[in-house]
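Numbering (my numbering), first residue to last: 41 to 280. Structure first, commentary second.
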């Protein structure tokens, strides 16, 4: 694992397991450049759902950001930066970009890259009684999970489930609590994820499952868990 942009270091991070996959820190956003279009499944504010993407931008906004039209705001920024609207996924984060954490694993049937920005000021427990909000707010734990492998759509959904379980496990192990009721948090009120899959034919098998009992699911769990812990640690959050 690494925090590539901590202490003012802005050198691009080049993936060790996926040739051509590059993470750069721009003035107010992270840009993950993917060497060729990939299948995606995401909850991103722009480019969400299922589709094809070749880049992801994780955009910093402060806690006073006015959230009435986030989709339009992201589109306007992409146009200003010259990013194609049809193939760029866009996330919003209130976490300082220097707290970015990256972890990677390579295997015989898949390689995994994970980039996370995490904060827990609005920790929340799913399933508990708490205040809810009718409008969008910028993400607190944003996960960009890239998998160099062949996967079915069902396995992609399974991968998201495994990633979310790993995120919740990290928060539990840190003792993070729901900001309202004090129960163990499973996330925050504004988490988001972008899953990307290369569907590369260089791998011998197509993954049909991606739970915690699979090799790929195990790798996903480790990189997500690790980056959530490391990103929060960079921000000064330790076990309570």
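Every residue, glycine too, gets a C-beta built ideally from N, C-alpha and C. If you're wondering where the values come from, they're calculated on a predicted model, not measured in any experiment.
Quick one, are the C-beta atoms of residue 82 and residue 241 less than 8 angstroms apart?
As a first step, residue 82 is located in the chain shown; it is residue number 42 there, counting from the start. As a first step, residue 241 is located in the chain shown; it is residue number 201 there, counting from the start. Taking the C-beta atoms as reference points, residue 241 is found no nearer than 8 angstroms to residue 82.
Reduced DSSP secondary structure (H/G/I, E/B, other) of residue 257:
Taking the first residue of the chain shown as 1, we reach residue 257 at position 217. The DSSP-derived three-state label of residue 257 is helix.
Leaving out five residues before and five after residue 158 in sequence, what residues of the same chain have Cβ atoms less than 6 angstroms from its Cβ?
Locating residue 158 in the chain shown gives position 118, counting from the first residue. Hits under 6 angstroms: 181, 268, 271 and 272.
Could you tell me whether the Cβ atoms of residue 163 and residue 225 are closer together than 8 angstroms?
The residue given as residue 163 occupies position 123 in the chain shown. The residue given as residue 225 occupies position 185 in the chain shown. Cβ atoms of residue 163 and residue 225: closer than 8 angstroms.
Residue span of the alpha helix (DSSP H) that contains residue 113, given as start and end
For this step, residue 113 is matched to residue 73 along the chain shown. In this chain, the alpha helix (DSSP H) harbouring residue 113 covers 110-121.
Nearest residue (CA-CA) to residue 46, options 138, 278 and 239
As a working mapping, residue 46 is identified with position 6 in the chain shown. Distance from the Cα of residue 46 is smallest, within the candidate group 138, 278 and 239, for 138.
Measure from the alpha carbon of residue 166 to the alpha carbon of each residue in 133, 189, 124 and 211, then state which is nearest.
Translated into the one-based positions of the chain shown, residue 166 becomes position 126. When each option's Cα is compared against that of residue 166, the closest is 211.
In this structure, how does DSSP classify residue 169 when only helix, strand and coil are distinguished?
Here residue 169 refers to the residue found at position 129 when the chain shown is read from its first residue. Three-state DSSP puts residue 169 in coil, outside helix and strand.
Along the chain, which unbroken stretches of the beta strand (DSSP E) at least 3 residues long are found entirely within the segment 43-88?
If we require 3 residues or more, the beta strand (DSSP E) runs fully inside the segment 43-88 come out as 62-65 and 69-82.
Residue 213 classed as buried or exposed, judged by whether at least 16 other C-beta atoms fall within 10 angstroms:
Position 173 of the chain shown holds residue 213. Counting Cβ neighbours within 10 Å, residue 213 comes out exposed, since fewer than 16 surround it.
I need the straight-line Cα distance from residue 148 to residue 200, nearest angstrom please.
Locating residue 148 in the chain shown gives position 108, counting from the first residue. Locating residue 200 in the chain shown gives position 160, counting from the first residue. The alpha-carbon atoms of residue 148 and residue 200 are separated by roughly 21 angstroms.
Can you say whether residue 189 is buried or exposed, counting buried as having 16 or more other CB atoms within 10 angstroms of its CB?
Against the chain shown, residue 189 aligns to sequence position 149. Residue burial is scored here from C-beta neighbours: residue 189 has at least 16 other C-beta atoms within 10 angstroms and is therefore classed as buried.
Cut-off 8 angstroms between Cβ atoms - residues of its own chain near residue 88, not counting five sequence neighbours on either side
Stepping through the chain shown from its first residue, residue 88 is reached at position 48. Taking C-beta separations shorter than 8 angstroms and ignoring five residues to either side along the sequence, the partners of residue 88 in its chain run 82 and 129, following chain order.
So, residue 237 versus residue 94, is the Cβ gap smaller than 8 angstroms?
Sequence index remark: in the chain shown, residue 237 carries index 197 (1-based). Sequence index remark: in the chain shown, residue 94 carries index 54 (1-based). No. Outside cutoff.
With distances taken Cα to Cα, identify the nearest neighbour of residue 69 among 192, 56 and 136.
Here the question's residue 69 lines up with position 29 in the chain shown. Nearest of 192, 56 and 136 to residue 69, Cα basis: 136.
Straight-line CA distance for residue 184 to residue 152?
Reading the chain shown from its first residue, position 144 is the one you call residue 184. Reading the chain shown from its first residue, position 112 is the one you call residue 152. Spanning the two alpha carbons is a distance of roughly 11 angstroms.
Which runs of the beta strand (DSSP E) at least 3 residues long sit entirely within the segment 125-161? Give them in chain order.
Qualifying beta strand (DSSP E) stretches, in chain order: 128-133, 141-146 and 151-157.
Throw me the rounded Cβ distance for the residue 202 and residue 257 pair, which I believe falls under 8 angstroms.
For this step, residue 202 is matched to residue 162 along the chain shown. For this step, residue 257 is matched to residue 217 along the chain shown. Residue 202 to residue 257, Cβ: 5 angstroms. Contact.
Let me check you understand the geometry: is the CB of residue 272 closer than 7 angstroms to at least one non-hydrogen atom of the ligand FAD?
The model depicted lacks the ligand FAD and carries no ligand whatsoever.
Is it right to say residue 261 is buried, meaning 16 or more other beta carbons lie within 10 angstroms of its own, or is it exposed?
As a first step, residue 261 is located in the chain shown; it is residue number 221 there, counting from the start. Label assigned to residue 261: buried.
Less than 7 angstroms between C-beta atoms, sequence neighbours within five positions excluded: which residues of the same chain meet that for residue 58?
As a working mapping, residue 58 is identified with position 18 in the chain shown. Same-chain partners within the cutoff: 151, 153, 186 and 188.
Would you report the Cα separation of residue 244 and residue 192, rounded to the nearest angstrom?
As a position in the chain shown, residue 244 is number 204, starting the count at 1. As a position in the chain shown, residue 192 is number 152, starting the count at 1. Cα to Cα, the separation comes out at about 14 angstroms.
Kindly give me the distance between the Cβ atoms of residue 221 and residue 170, rounded to whole angstroms, as I take these residues to be in contact under 8 angstroms.
In the chain shown, residue 221 corresponds to position 181, counting from 1. In the chain shown, residue 170 corresponds to position 130, counting from 1. At roughly 6 angstroms, the Cβ-Cβ gap stays under 8 angstroms, so residue 221 and residue 170 are in contact.
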